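Enquirer: In this note's numbering, the protein residues as written are 563 to 775. Structure incoming, see below.
Here it is as structure tokens:
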């Protein structure tokens, strides 16, 4: 899935014994705050640029988007990411990480605040009732920007791919399918924009302080 141009949307995650505290849980060695250097190494549009052209599929907008993305090739972007230990495993601190990623890739401070939102499969009341804390990460976030815009992001599906070498505890592969709804918060009547994004991580632990992904 990391190297193919032909992808299928993962099936939605089904309810399980983690209903109410469901999340993508990482290996124990991911716990803590990490200094990250991320570099864009490839940009492709196997289905065409119209899917980058906004809700109306305007190709001129798509071409501008792909041109802008290509200018970022091979440019390292630096930020921090945090992962928190919970009763059920190590989970991404989405409040901290969302702000870090958006501000870093924008090249300036664009996020006003990020908050968690309760949904059936991941909500604060159930999490606390089952022995979690008020600081444990949830799945769904609401991001408000410094301009007149907001974005709500849901986790549609997630999973972990088992390593063929089951003795290698320093290698982890997982994925998450997110659905984001972006909307203007002023008097503009433009409809909300919904985007599905699949994130696939292939992470190798080098030592206690270093990871390669």
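Where is the CB? At the ideal position from N, CA and C, for every residue including glycine. Being a predicted model, the structure only gives us computed values, none of them experimental.
Where residue 691 and residue 704 are concerned, what is the direct C-alpha to C-alpha distance, given to the nearest angstrom?
Expert: Roughly 23 Å between the two C-alpha positions.
Enquirer: Roughly how many angstroms lie between the CA atoms of residue 732 and residue 768, to the nearest whole one?
Expert: Roughly 8 Å between the two C-alpha positions.
Enquirer: Return the residue from the list 635, 713, 565, 605 that minimises the CA-CA distance to residue 537.
Expert: Within the shown structure, residues of the chain are numbered from 563 to 775, placing residue 537 beyond reach of any answer.
Enquirer: Using 10 angstroms around the beta-carbon of residue 758, count the other beta-carbons present and answer buried if the total reaches 16, otherwise exposed.
Expert: Residue 758 should be labelled exposed.
Enquirer: On a CA-only basis, which of 635, 654, 660 is nearest residue 673? Give me that one, please.
Expert: Residue 660 is the option with its Cα nearest to residue 673.
Enquirer: Residue 764: which of 648, 628, 622, 588 sits nearest, CA to CA?
Expert: Ranking 648, 628, 622, 588 by Cα distance to residue 764 puts 588 first.
Enquirer: Taking the beta strand (DSSP E) that residue 715 falls in, what are its first and last residues?
Expert: 711 to 723 is the extent of the beta strand (DSSP E) around residue 715.
Enquirer: Over what stretch of residues does the beta strand (DSSP E) that includes residue 654 continue unbroken?
Expert: Counting along the chain, the beta strand (DSSP E) containing residue 654 begins and ends at 651 to 654.
Enquirer: So, do the stretch 695 to 710 and the stretch 648 to 660 have three or more beta carbon pairs nearer to each other than 8 Å?
Expert: Yes, the stretch 695 to 710 touches the stretch 648 to 660.
Enquirer: Restricting to Cα atoms, I'd like to know which of 647, 607, 760, 619 is closest to residue 632.
Expert: Per the Cα distances, 607.
Enquirer: Report the option in 605, 734, 738 whose CA atom is closest to the CA atom of residue 635.
Expert: Nearest C-alpha to residue 635: 605.
Enquirer: On the DSSP letters alone, give me the boundaries of the alpha helix (DSSP H) that residue 630 sits inside.
Expert: Start and end: 621 to 632.
Enquirer: So is the beta-carbon of residue 621 under 8 Å away from any non-hydrogen atom of the ligand PLP?
Expert: Here there are no bound small molecules, and the ligand PLP is not part of this structure.
Enquirer: Between which two residues does the alpha helix (DSSP H) containing residue 686 stretch?
Expert: First-last of the alpha helix (DSSP H) with residue 686: 686 to 691.
Enquirer: Using the C-alpha atoms, what's the distance from residue 720 back to residue 743?
Expert: Going from the Cα of residue 743 to the Cα of residue 720 covers about 18 Å.
Enquirer: The beta strand (DSSP E) with residue 765 in it runs from where to where?
Expert: 755 to 769 is the span of the beta strand (DSSP E), which, as asked, contains residue 765.
Enquirer: Buried or exposed, going by whether 16 or more other CB atoms sit within 10 Å of the CB of residue 584?
Expert: By the neighbour-count rule (16 or more Cβ atoms within 10 Å), residue 584 is buried.
Enquirer: Could you round the C-beta distance between residue 678 and residue 702 to whole angstroms and report it? I think they count as a contact, below 8 Å.
Expert: Sure, about 7 Å apart at Cβ, within 8 Å.
Enquirer: Taking its Cβ as the centre, do 16 or more other Cβ atoms sit within 10 Å of residue 762, making it buried, or is it exposed?
Expert: The residue is exposed, with fewer than 16 neighbouring Cβ atoms inside 10 Å.
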